[in-house]
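Those sequence lines, one after another, are chains A and B. Quick note: the first sequence uses our numbering, first residue 1, plus one each step. Quick note: the second sequence uses our numbering, first residue 1001, plus one each step. Backbone N, C-alpha and C define an ideal beta-carbon position, used for all residues, glycine too. Everything numeric in this text was worked out from a predicted model, so none of it was measured. Report on the structure given below.
Protein chains: 2
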Amino acid sequence: MLTKRRERLNHELREEVLAAARELFATDGYHNVTMRKIAERVRVAPGTIYHHFDDKSAILAAICMETFGKLDKRMEALVTDRSGNPLERLRRGGRMYVQFGLEHPQHYALTFAIGDAMPKHDSVMSAGLKTFENLRLCVRDCVDAGLTRMQDVEEIAQSLWATTHGVVMLFLGKPGFPFIEQSRLIESVLDIAIEGIRKKT
Amino acid sequence: MLTKRRERLNHELREEVLAAARELFATDGYHNVTMRKIAERVRVAPGTIYHHFDDKSAILAAICMETFGKLDKRMEALVTDRSGNPLERLRRGGRMYVQFGLEHPQHYALTFAIGDAMPKHDSVMSAGLKTFENLRLCVRDCVDAGLTRMQDVEEIAQSLWATTHGVVMLFLGKPGFPFIEQSRLIESVLDIAIEGIRKKT
DNA sequence: ACAATAATTGAACAGTGTTTAAATGTTGAC
DNA sequence: GTCAACATTTAAACACTGTTCAATTATTGT
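Shown next as structure tokens:
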């Protein structure tokens, strides 16, 4: 049987591992962090971690879930407030999405990194789906308000996702490139996308 | 001294390594391919490869350069032909760029993947820059023809790059996601982007 | 033929994520 | 308190990685 005290201790160690890993991943990058480094920081044998996480990628998956939870919260707050032009709400949502990605490069990159570099976890993926659901809602408002050129909500939503995703990945993936000022590029991309779906009057 | 015959043999082995690696990387993914597997396929000791390549990533870098050379060729053919609407040429260029990325996921990912997952090689990066130069040219034509809402060539070019890049990365990074039909999403993104920069008449 | 040079080898090295048998802690029933 | 049952931790080992290196083999110029 699992006593309350024991359960709490387990949970505490789990959190310590997560805290150590969160910090290390962010500074050194996932692939440069070893299980032994994490274990050392928590002052525990490497094997111990495997009683709290299935494997290394499960640690990152847990961290990503947290992070995407935060994104979801911010997103939902934006969507719930249904005042103002839906297209402008869409723009704000996109802006927030991009900024979030740039603020959490390691987490963002690893949920979207190409297959073999990083194992995929369904849990993280479904967390991302939840965020996308909010985007869908926002788009639906625009379509229903008759503000859009096209009618297919799914098509528009996925297109916008691809667009914002592209800005984030470009900044993260090519830090050495001579980009124009960051916020200007972001606004430009958002502007083009919004104008691209807006119905001409 | 290095005899002609010897130089040819060296070159041949180098090409054999590249051929083996090209195939293995494409099917199994960079991180699942070991130097020993490549060596075994070329029927050579693992150490031998290091007389022809600095390290594992140098092999991929060489392959990427080849690949991006092909992209450049296709791109240039498109840009050189200056007939027809420049905006439509831009659309065709974007379509080709996305298709190319999806046809060479491993290579595309290397040049754009986030730092720690894959090592960066300046040679590959500058190859990518050359492609971007073509995009810039295409955009300039549109601006000069007075077809665009905005005037800043660099701003438009970078925005369009981010957009097309986003489509590629989304497909590559989230293969399990219930996307709408691939070509439909691609056309939709391109359409939104083109309409987003087009001057209203 | 014989040094000099270049290419190849297979073993070794330092590191990785993960597994496992043994040791240690903790718990609940007697 | 005792003791068996269970949970947790540990250090050592495993199988694997990319890479290095002395020794071996092959090729070259004289």
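{"Item": "Candidates A:LYS73, A:ASP81, A:LEU78, A:TYR30, of which the one nearest A:LYS56 by Cα", "Value": "A:TYR30"}
{"Item": "Given 8 Å, three or more beta-carbon pairs between the stretch 178-187 of chain A and the stretch 1138-1149 of chain B", "Value": "no"}
{"Item": "Burial state of B:LEU1110, where buried means 16 or more other Cβ atoms lie within 10 Å", "Value": "buried"}
{"Item": "DSSP-derived helix/strand/coil call for A:THR148", "Value": "strand"}
{"Item": "A:PHE112 vs B:LYS1174 beta-carbon contact at 9 Å", "Value": "yes"}
{"Item": "Where the alpha helix (DSSP H) containing A:PHE25 begins and where it ends", "Value": "4-28"}
{"Item": "Coarse secondary structure for A:ARG198, derived from DSSP in three states", "Value": "strand"}
{"Item": "Nearest-angstrom Cβ-Cβ length linking A:MET75 and A:GLY93, presumed shorter than 8 Å", "Value": "7 Å"}
{"Item": "Per-residue DSSP class, three states only, for B:TYR1108", "Value": "helix"}
{"Item": "Chain A within 9 Å of B:ARG1095, Cβ atoms only", "Value": "no"}
{"Item": "Chain B residues whose Cβ lies nearer than 7 Å to that of A:HIS52", "Value": "Per Cβ cutoff of 7 Å: no residues; A:HIS52 is ~24 Å from chain B at best."}
{"Item": "Alpha-carbon spacing of A:THR148 relative to A:THR48, whole angstroms", "Value": "55 Å"}
{"Item": "Span separating the alpha-carbon of A:GLY120 from that of B:GLU1154", "Value": "For the record, residue 120 of chain A in the displayed sequence is Lys; it is not Gly. Their Cα atoms are separated by approximately 36 Å."}
{"Item": "Cross-chain neighbours of A:GLN158 in chain B, by beta carbon under 9 Å", "Value": "LEU1170, PHE1177, PHE1179, ILE1180, LEU1185, SER1188, VAL1189"}
{"Item": "Neighbourhood of B:GLN1151 by C-beta, 7 Å cutoff - its chain only, sequence neighbours within 5 removed", "Value": "VAL1143"}
{"Item": "Span of the alpha helix (DSSP H), counted from its first residue to its last, around A:ALA45", "Value": "Taken as a continuous stretch (DSSP letters only), A:ALA45 belongs to no alpha helix (DSSP H), as it is neither H nor E."}
{"Item": "Under 7 Å from the C-beta of A:THR163: neighbouring residues of chain B", "Value": "THR1163, GLY1166, VAL1189"}
{"Item": "Span separating the alpha-carbon of B:GLN1099 from that of B:ASN1085", "Value": "21 Å"}
{"Item": "For A:ARG5 and B:GLY1128, the rounded distance between their alpha carbons", "Value": "57 Å"}
{"Item": "Nearest-angstrom Cα separation, counted from A:ASN10 out to B:ASN1134", "Value": "57 Å"}
{"Item": "Alpha-carbon to alpha-carbon, A:ILE192 and A:GLU103", "Value": "23 Å"}
{"Item": "Inter-residue CB distance, B:VAL1079 and B:HIS1052 (contact presumed, cutoff 8 Å)", "Value": "With 8 Å as the limit, B:VAL1079 and B:HIS1052 do not qualify as a contact, their Cβ atoms being about 35 Å apart."}
{"Item": "Contacts that B:ILE1192 makes with chain A (C-beta to C-beta distance below 7 Å)", "Value": "SER159, ALA193, GLY196, ILE197"}
{"Item": "Assigned secondary structure, B:GLU1181 (DSSP; H/G/I helix, E/B strand, else coil)", "Value": "coil"}
{"Item": "B:THR1034, enclosing alpha helix (DSSP H) - first and last residue", "Value": "Looking at the DSSP string, B:THR1034 is not in any alpha helix (DSSP H), and its letter there is neither H nor E."}
{"Item": "Neighbour-count burial assignment, A:THR3, 16 or more Cβ in a 10 Å radius", "Value": "exposed"}
{"Item": "Short CB-CB distance (under 9 Å) between A:THR111 and chain B", "Value": "yes"}
{"Item": "B:GLY1166 vs A:VAL44 beta-carbon contact at 9 Å", "Value": "no"}
{"Item": "Test item: CB-CB of B:LEU1160 and B:GLY1101 under 9 Å", "Value": "no"}
{"Item": "Pair within 9 Å by beta-carbon distance, B:LEU1170 and A:ALA157", "Value": "no"}
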